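Start counting the sequence shown at -12; every next residue gets the next number (our numbering). For glycine and all other residues, C-beta sits at the position ideal for the given N, C-alpha and C. Treat the numbers as computed from the prediction; the structure is a model and nothing was measured.
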Amino acid sequence: MLTSRVTDFCQRVLKFWFSNDRWMSLDHPPDKNTPISGTVVMRWFAVSKEFDQQIRDNFQEDLLYLLNNHEQVSATVHHPVYALACVIAFDQFPRNIYRGDARAFSFDDKAKALSESLIAHQGDKRLPYVERTFIYLPFEHSENLDDQDRAVEHFRSLYEEASNDPCSNEHVCNLLKEFIRAAEQHRDIIKQFGRFPHRNAVLKRQSLESENIYLNDGGTRFGQ
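Structure follows, in structure tokens:
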């Protein structure tokens, strides 16, 4: 059974990440075709010290609490909305809280494991299209090529499902196309280098000459 601390945390995560009016209640999620503000999307992937600090101030303590409560995290797989919040907390928040630090990637395995469990239970299918993108992002953040291929497959399938929906929303579909593009970009980097070159410095890995050339020529660092 989920504790009130975990359920309250999950509600705060979703209200903060997707905006308050989208998640008024976890019992009544948005319609699956509901679009999201472009301003909110920009906030997710831009580099903002203010946004990073907001996440650090409001969620870091509870994130570390979840890290040491495997049973509570595992229990969320039976409640897709709560699992979504935990995946976001493990996969996205460390990239803000610990930007430019090795700890930015230290929660990735937990995020991917929870995503895998939720997908195995088909819990991802019970979430709105926009929200589902965050269930698939942990595969995109992996340095394993099979995971990268899964990410691309998940995003392409999600786009097909959304675009063929009788109530399909153009803004949602356009956003999903961008997620496909980003997934393909991540996959291609792993296919070329076997890892993300921009992580080498903080992870104390020796960069190859080809990786240095890539980074010096403007290779993406994904905000890190």
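On a Cα-Cα basis, can you pick out the residue from Ser35, Gln59, Ile23 and Phe5 that is closest to Thr(-10)? Out of Ser35, Gln59, Ile23 and Phe5, Gln59 has the C-alpha closest to the C-alpha of Thr(-10).
Given a threshold of 16 other Cβ atoms within 10 Å of its Cβ, counted over all protein chains shown, does Asp78 qualify as buried or as exposed? Counting Cβ neighbours within 10 Å, Asp78 comes out buried, since at least 16 surround it.
Beta-carbon separation of Phe142 and Tyr123 under 7 Å? Yes. Within cutoff.
Taking the beta carbon of Pro184 as the centre, do at least 16 other beta carbons fall within 10 Å, making it buried, or is it exposed? Buried, by the Cβ-count rule.
Is the beta carbon of Asp44 sitting closer than 7 Å to the one on Phe(-4)? For the pair Asp44 and Phe(-4), the CB atoms are not nearer than the 7 Å cut-off.
Short check: CB of Val64 to CB of Ser104, under 7 Å? Against a cut-off of 7 Å, the Cβ pair of Ser104 and Val64 comes out as a contact.
Where Thr63 sits in the DSSP three-state scheme: Helix.
Integer Cβ distance of Pro16 from Val68, believed to fall under 8 Å: Their Cβ separation, rounded to whole angstroms, is 6 Å, which keeps Pro16 and Val68 in contact under 8 Å.
To the nearest angstrom, how far is the alpha carbon of Phe80 from that of Asn151? The alpha-carbon atoms of Phe80 and Asn151 are separated by roughly 32 Å.
From the DSSP output, in three-state form, read off Asp8 for me. In the three-state scheme derived from DSSP, where H, G and I count as helix and E and B as strand, Asp8 is classed as coil.
How is the alpha helix (DSSP H) around His158 delimited, first residue to last? Where His158 is concerned, the enclosing alpha helix (DSSP H) stretches over Glu157 to Phe180.
Are the CB atoms of Arg137 and Phe126 within a distance shorter than 7 Å? Arg137 is positioned such that its CB atom lies closer than 7 Å to that of Phe126.
Measure the Cβ-Cβ separation of Arg174 and Gln135 and say whether it is below 7 Å. The answer is yes: Cβ separation under 7 Å.
Among residues of its own chain, excluding the 5 on either side of Asp88, which ones have a beta-carbon nearer than 8 Å to its beta-carbon? Short of 8 Å from the beta carbon of Asp88, and not among the five residues preceding or following it, lie these beta carbons of its own chain, in chain order: Val189.
Counting C-beta neighbours from all protein chains within 10 Å, is the total for Ile200 16 or more, i.e. buried, or is it exposed? Answer is exposed; the Cβ neighbour count stays below 16.
Start-to-end residues for the alpha helix (DSSP H) that takes in Pro115: Boundaries for Pro115: no alpha helix (DSSP H) harbours it, and the DSSP string shows neither H nor E there.
Bounding residues of the alpha helix (DSSP H) (the contiguous stretch that carries Tyr146): Where Tyr146 is concerned, the enclosing alpha helix (DSSP H) stretches over Leu132 to Ser150.
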